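Numbering-wise, the sequence shown is residues 0 to 328 according to numbering that gives the first Met the number 0.
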Amino acid sequence: MEYRRMGKTGLQLSALSFGSWVTFHKQIDDSISDELMGIAYDHGVNFFDNAEVYAGGESEKMMGRVLSKKKWDRTSYVLSSKAYFGWRGKENKPNQSGLSRKHLTEACNEALQRLQTDYLDLYFCHRPDKSTPIVEVVQTMNTLIQQGKILYWGTSEWSGVEIMEAHRVAAEYKLIGPNMEQPQYNLFERNKVEKEFLEIYKNVGLGTTIWSPLASGLLTGKYNDGIPDDSRFHLEGFEWLRDQWVMQDKIKRVQQLGALAKALKVSTASLSIAWCIKNPNVTTAILGATKKEQLIDNLTALETLKLLTPEIMEQIESIVETKPVQPEW
Ligand SMILES: NC(=O)c1ccc[n+]([C@@H]2O[C@H](COP(=O)([O-])OP(=O)(O)OC[C@H]3O[C@@H](n4cnc5c(N)ncnc54)[C@H](OP(=O)(O)O)[C@@H]3O)[C@@H](O)[C@H]2O)c1
0 MEYRRMGKTG
10 LQLSALSFGS
20 WVTFHKQIDD
30 SISDELMGIA
40 YDHGVNFFDN
50 AEVYAGGESE
60 KMMGRVLSKK
70 KWDRTSYVLS
80 SKAYFGWRGK
90 ENKPNQSGLS
100 RKHLTEACNE
110 ALQRLQTDYL
120 DLYFCHRPDK
130 STPIVEVVQT
140 MNTLIQQGKI
150 LYWGTSEWSG
160 VEIMEAHRVA
170 AEYKLIGPNM
180 EQPQYNLFER
190 NKVEKEFLEI
200 YKNVGLGTTI
210 WSPLASGLLT
220 GKYNDGIPDD
230 SRFHLEGFEW
240 LRDQWVMQDK
250 IKRVQQLGAL
260 AKALKVSTAS
270 LSIAWCIKNP
280 NVTTAILGAT
290 KKEQLIDNLT
300 ALETLKLLTP
310 EIMEQIESIV
320 ETKPVQPEW
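Shown next as structure tokens:
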């Protein structure tokens, strides 16, 4: 495993990490999540990602049960949660979501209970909250750090301007600003990581714990010939995600990536994940998996990374370039 500093902090994260969105509780039970987390940990993964909203709190509970059974040294891994959406879905009352001091504090306490831990290493604001003053967010995160309940705080899907505003407020009040952002990043979603955040990496430092490195599985090639029954895009309630990704233009590019992967004797998934961590501004790519074989395949990305010469990177670029693909007629 390779370990990378999270932005300008002293914390080291494994370049590949493991998360629980969609999978824990909805698709996999305690025994599979136990097996997958075990495989990840044995391969050197030291960061496990979660959020209050995943499976309405059940994902944190499942990870907490697995961790308490594993009895791994707590100092050997990094655990996260995120707050904003609440966990009650449509039943959320006022103050049970958002980034107010009340919700951030209560969500943190609940995450600690569900994950059966004394502290979260990383605590994210899962989305920006335009109705809470940024000073309240920064003060609350700073307080949670002082209380020892969290070690680092960060953002997810915030704009560069919003992140910099949090830093401005933190500097003004002499508080601790955000150290990491969790953006989506994959071969089809690149703007924030590659353009918008460039000045932030340079000027204040920003670790990135990127999500959906496989565009929810699209970049494995599993959707090239339709939607398999046992896949994420077949799940009830995830039609919006399927419709966002399964498009002829994208499938065509995934097929071309598949041909390149075949020539390199690696899987399309491994190639796609390796491409993500080739970017030095990516601290870690969070993997998701429902099956042991998927995770083992994805963990080969570190080996595949060695194959990404400038020529191969250029070939990948010419496949995914955003110009529309030539129509076939
Ligand atoms: N901050 C945020 O807003 C946010 C949003 C989303 C995710 N996240 C985090 O990022 C993590 C990863 O996101 P993600 O799950 O969307 O990642 P992903 O890698 O894009 O998709 C993972 C899914 O693709 C399929 N898959 C993975 N490897 C495969 C392989 N080798 N062969 C075939 N199918 C494979 C599996 O689904 P099926 O088997 O069901 O098809 C798996 O659950 C999440 O767990 C979460 O911690 C954060």
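For every residue, glycine included, the Cβ atom is placed at its ideal position computed from N, Cα and C. Computed from a predicted structure; not experimentally measured.
If you draw a straight line from the alpha carbon of residue i to that of residue j, how long is it in whole angstroms?
i: Met-36; j: Ser-16; result: 10 Å
i: Val-324; j: Tyr-222; result: Because Val-324 sits at a pLDDT of 48, beneath the cut-off of 50, its placement in the model cannot be relied upon, and the following sentence gives the value as read from the coordinates. Each residue's alpha carbon lies about 18 Å from the other.
i: Arg-126; j: Trp-210; result: 14 Å
i: Trp-152; j: Met-61; result: 23 Å
i: Met-5; j: Glu-238; result: 34 Å
i: Gln-95; j: Ala-82; result: 10 Å
i: Gly-216; j: Arg-231; result: 8 Å
i: Asn-185; j: Tyr-76; result: 25 Å
i: Arg-252; j: Ser-99; result: 43 Å
i: Ile-133; j: Phe-47; result: 27 Å
i: Lys-89; j: Gly-55; result: 11 Å
i: Leu-150; j: Leu-12; result: 14 Å
i: Gly-85; j: Asp-33; result: 25 Å
i: Val-265; j: Pro-309; result: 17 Å
i: Leu-30; j: Ile-276; result: Looking at the sequence provided, one finds Ser at residue 30 rather than Leu. Cα-Cα distance, rounded: 29 Å.
i: Glu-59; j: Ala-106; result: 12 Å
i: Val-192; j: Asn-280; result: 8 Å
i: Phe-187; j: Glu-316; result: 11 Å
i: Gln-115; j: Asn-178; result: 24 Å
i: Gly-9; j: Asp-224; result: 45 Å
i: Lys-7; j: Asn-202; result: 10 Å
i: Leu-270; j: Leu-143; result: 39 Å
i: Leu-304; j: Ser-130; result: 42 Å
i: Asp-117; j: Thr-22; result: 25 Å
i: Tyr-2; j: Trp-157; result: 25 Å
i: Lys-194; j: Gly-159; result: 10 Å
Locate the beta strand (DSSP E) running through residue i, then write down its first and last residues.
i: Gly-18; result: 15 to 18
i: Tyr-2; result: 2 to 4
i: Trp-244; result: It is not in any beta strand (DSSP E) - Trp-244 instead sits in the alpha helix (DSSP H) that spans 238 to 244.
i: Gly-37; result: Here Gly-37 belongs to no beta strand (DSSP E); instead the alpha helix (DSSP H) covers 29 to 41.
i: Ile-149; result: 149 to 154
i: Ile-295; result: Counting along the chain, Ile-295 falls outside any beta strand (DSSP E), though it belongs to the alpha helix (DSSP H) covering 291 to 298.
i: Thr-207; result: 206 to 209
i: Ile-285; result: 283 to 286
i: Leu-119; result: 119 to 124
Output the boundary residues of the alpha helix (DSSP H) element that contains residue i.
i: Arg-64; result: 57 to 69
i: Gly-159; result: 159 to 171
i: Asp-248; result: 247 to 263
i: Leu-103; result: 100 to 114
i: Val-77; result: No alpha helix (DSSP H) holds Val-77; the beta strand (DSSP E) holding it covers 77 to 82.
i: Tyr-200; result: 197 to 202
i: Ile-276; result: 267 to 277
i: Ile-315; result: 309 to 319
Are there 16 or more other CB atoms within 10 angstroms of the CB of residue i, so buried, or fewer, so exposed?
i: Ala-214; result: buried
i: Asp-128; result: buried
i: Gln-372; result: One cannot answer for residue 372 here, as it falls past the ends of the chain, which runs 0 to 328.
i: Leu-111; result: buried
i: Tyr-172; result: exposed
i: Gln-181; result: buried
i: Arg-113; result: buried
i: Glu-320; result: exposed
i: Pro-212; result: buried
i: Ala-262; result: exposed
i: Glu-51; result: buried
For residue i, is the beta carbon positioned less than 7 Å from some heavy atom of ligand 1?
i: Trp-210; result: yes
i: His-24; result: no
i: Gly-216; result: yes
i: Ala-268; result: yes
i: His-42; result: no
i: Arg-329; result: Beyond the ends of the chain as shown, which are 0 and 328, falls residue 329; an answer cannot be given.
i: Arg-231; result: yes
i: Arg-286; result: In the sequence on display, residue 286 carries Leu and not Arg. Result yes, Cβ under 7 Å from ligand 1.
i: Trp-274; result: no
i: Val-265; result: no
i: Val-417; result: Within the shown structure, residues of the chain are numbered from 0 to 328, placing residue 417 beyond reach of any answer.
i: Ser-155; result: yes
i: Asp-48; result: yes
i: Gln-243; result: no
i: Gly-18; result: yes
i: Lys-221; result: yes
Following a CB-centred definition, is residue i positioned closer than 7 Å to any heavy atom of ligand 3?
i: Asn-297; result: Ligand 3 is absent from the structure shown, which contains only ligand 1.
Quick check: the region 240 to 249 against the region 288 to 305, are there 3 or more CB pairs under 8 Å?
-> no
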